[in-house]
Amino acid sequence: MKKKVLSALLVTAMVASMLVGCGDKAASGKATDGGKVLNVYCWNDEFQRRVKDHYPDYQEVDATTGKIGDVTVKWNITADQDNAYQNNLDAALLKQKDAAADDKIDIFLIEADYALKYVDTDYALSVKDLGITDENLANQYQYTKDIVTDSKGVLKGVSWQGCPGVLIYNRDIAKDVFGTDDPAEVQKKVADWDTFKATAAELQAKGYYAMSSVNDSYRVYSNNVSTKWVVDNKIVIDENLMKWVEDSKAMVDAGQTNTYELWGDDWSKGFYPEGKVFCYFGPAWFVDFSMAADKDGSIANAGGWAATEGPQGFFWGGTWVCAASGTDNAALVKDIMLKLTTDEAIMTDIVKADNDFVNNKPAMNAMAADTSYSSKVLGGQNPLAMYCAGAEKIDLSNLSKYDQACNEEFQHAMKNYFDGNATLDQALDLFYKAVEEKHPELSH
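Per my numbering: the sequence shown = residues 21 to 464.
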């Protein structure tokens, strides 16, 4: 399995170079109107559900087909296991210029970790080429625009959601250990990483894990670095990432957390009381869709979690909508983008219906002040004010096109160190080797 993953990533790296090299060829199509088929490429049905539920003119035909007026919408959904989604998208983009009109990609979706791979090519259309203006996007959070801005300062995509994160803690454990589950009081116990480590010892003394895994906190550290992963083709490990290594090793050795992979069965045990896990870190989508809220006996199902700011602000995830150069449905793509990412009424409906944190400041500020809105998972708490505050503080000035490879391989390599299977130097060597295999142009 490991060889298959590495092979897929190497192919992706090579295709990324091809995408950049073929950019001018792709751009010759730009965008037109009059197409009869709108082809959308994505890795799950999240965006499909948003369009189906909130775009006014959408009519569902079947699981992979819809209609908007006289245009047929085809959903090309490829799960991203072993990089399958990117590989499928890459192959289609390389054929875009010569594809038949009904086969051309019109919209494709991307994530933050690999956004620059696509927006730094001409395969992603500038939103201004669609007629979307800065004024149209004025109410969006700046970081959501920074992620999909290319190296020339051109905006190449939009998102309907923001994903600022918080610390999500078990109310019963907080009451048992601290005597209160009040978010303001709990925040004092997790206000910075040194305080968090002291609290981890306090939790352990009562038989609890601070977190399910060291990987739970990784994005909080990695979102607060002071340099890019790569500078002048040299791999740079930021001091905040080394602090994650130091803090995590100490907590693992003390038995205060584990080294589980995210989404695994062992990691998920903390969603239930018997898991004895104090906290996870996550954004709004994590709270509502990843903590087993629909499972009887889970903490979320009983409304047993609460949220507080945590040691540092961070974000996790998000989906961006890009228009493909050569689309023959430019006006429709523009309308979908505007309605689903800038229309305040529609975005407010998304918050109410889907518990998404949407990319619209007026909508979110209003919902944060709405006393009738609350999270069942969070025991009736309205966490939106802290999400809003967090979204304003996110700084992505150190984003790079190497983030996905470096972040994944750093965590993989350090697991060997945390588990006692390698020294720190050996783990660092494993990390450098893995990244340089994926990106031969890099060194350390």
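Backbone N, C-alpha and C define an ideal beta-carbon position, used for all residues, glycine too.
| Backbone CA spacing between Asp126 and Ala83 [nearest angstrom] | Against the sequence shown, residue 126 aligns to sequence position 106. Against the sequence shown, residue 83 aligns to sequence position 63. The alpha-carbon atoms of Asp126 and Ala83 are separated by roughly 19 Å.
| request: Leaving out five residues on either side along the sequence, give the residues of the same chain with a beta carbon under 7 Å from the beta carbon of Leu109. | output: Translated into the one-based positions of the sequence shown, residue 109 becomes position 89. Here the set comprises Tyr61, Phe128.
| request: Going by DSSP, name the residue or residues bridged to Tyr393. | output: For the purposes of this step, residue 393 is taken as the residue at position 373 of the sequence shown. DSSP, once it has assigned bridges, lists no residue as partnering Tyr393.
| message | On a Cα-Cα basis, can you pick out the residue from Gln332, Val307, Glu329, Ala327 that is closest to Asn321? | response | Looking up residue 321 in the sequence shown gives position 301. Cα-wise, what sits closest to Asn321 is Val307.
| Is the beta carbon of Gly177 sitting closer than 8 Å to the one on Ala204? | Walking along the sequence shown from the start, residue 177 turns up at place 157. Walking along the sequence shown from the start, residue 204 turns up at place 184. Going by C-beta atoms, Gly177 is not nearer than 8 Å to Ala204.
| Local Cβ density within 10 Å of Ser446, reported as buried at 16 or more and exposed below that | As a first step, residue 446 is located in the sequence shown; it is residue number 426 there, counting from the start. Residue identity differs from the one stated: residue 446 is Gln in this sequence, not Ser. Exposed, since its Cβ has fewer than 16 Cβ neighbours within 10 Å.
| Buried or exposed by the 16-neighbour rule on C-beta atoms within 10 Å, applied to Pro331 | Taking the sequence shown and counting its residues from 1, one reaches residue 331 at position 311. The residue is buried, with at least 16 neighbouring Cβ atoms inside 10 Å.
| query | Beta carbon of Leu223, beta carbon of Val186: below 8 Å? | reply | On the sequence shown, position 203 is the one that residue 223 refers to. On the sequence shown, position 166 is the one that residue 186 refers to. No, the pair does not count as a contact, with Cβ atoms beyond the cut-off.
| message | Quick check: what's the CA-CA separation for Pro403 versus Ala344? | response | Your numbering for residue 403 matches position 383 in the sequence shown. Your numbering for residue 344 matches position 324 in the sequence shown. Spanning the two alpha carbons is a distance of roughly 36 Å.
| request: Report all residues from its chain with a CB closer than 8 Å to the CB of Gly43; omit the five preceding and five following residues, and keep chain order. | output: Residue mapping note: residue 43 aligns to position 23 of the sequence shown, counting from 1. Residue placement at Gly43 is flagged as unreliable, the pLDDT there being 46, under the threshold of 50; the coordinate-derived value follows with that caveat. Hits under 8 Å: Thr141, Asp142, Tyr143.
| Does the Cβ-Cβ distance between Gln276 and Ala211 come in under 8 Å? | Residue 276 sits at position 256 when you count from the first residue of the sequence shown. Residue 211 sits at position 191 when you count from the first residue of the sequence shown. For Gln276 and Ala211, no; Cβs fall outside 8 Å.
| task | Would you check if the region 162–175 and the region 298–306 touch, i.e. whether three or more CB-CB distances between them fall below 8 Å? | result | Segment contact: the region 298–306 against the region 162–175, fewer than three CB-CB distances shorter than 8 Å; contact not assigned.
| Of the residues Gly323, Ala132, Phe216, which one's Cα is nearest the Cα of Ser179? | Here residue 179 refers to the residue found at position 159 of the sequence shown. It is Ala132 whose Cα lies nearest to the Cα of Ser179.
| message | If contact is defined by three or more beta carbon pairs under 8 Å, each pair taking one atom from either stretch, is the region 62–69 in contact with the region 84–98? | response | Short answer: they touch.
| task | Please classify Asn260: does DSSP put it in a helix, a strand, or coil? | result | Taking the sequence shown and counting its residues from 1, the one referred to as residue 260 is at position 240. Assignment of Asn260 by DSSP, reduced to helix, strand and coil, places it in the helix class.
| query | Beta carbon of Ser395, beta carbon of Gln401: below 8 Å? | reply | Here residue 395 is taken as the residue at index 375 of the sequence shown, counted from 1. Here residue 401 is taken as the residue at index 381 of the sequence shown, counted from 1. The answer is yes: Cβ separation under 8 Å.
| query | Given 8 Å as the limit, is there contact between the region 401–421 and the region 246–254, that is, 3 or more CB pairs closer than that? | reply | yes
| field | For Leu448, the three-state DSSP class (helix, strand or coil) | value | Taking the first residue of the sequence shown as 1, we reach residue 448 at position 428. Reduced to three states, the DSSP call for Leu448 is helix.
| request: Would you list, in sequence order, the uninterrupted beta strand (DSSP E) runs of no fewer than 3 residues that lie entirely inside the region 223–262? | output: 229–231
| message | Tell me the rounded alpha-carbon separation between Val371 and Phe377. | response | The sequence position of residue 371 within the sequence shown is 351, counting from 1. The sequence position of residue 377 within the sequence shown is 357, counting from 1. Val371 and Phe377: Cα-Cα distance of roughly 6 Å.
| said: If you reduce the DSSP assignment to three classes, tell me which class Gly89 lands in. | reply: Your numbering for residue 89 matches position 69 in the sequence shown. DSSP places Gly89 in coil when its eight states are reduced to three.
| Rounded straight-line distance, which links the Cα of Leu352 to that of Gly89 | The residue given as residue 89 occupies position 69 in the sequence shown. The residue given as residue 352 occupies position 332 in the sequence shown. Going from the Cα of Gly89 to the Cα of Leu352 covers about 10 Å.
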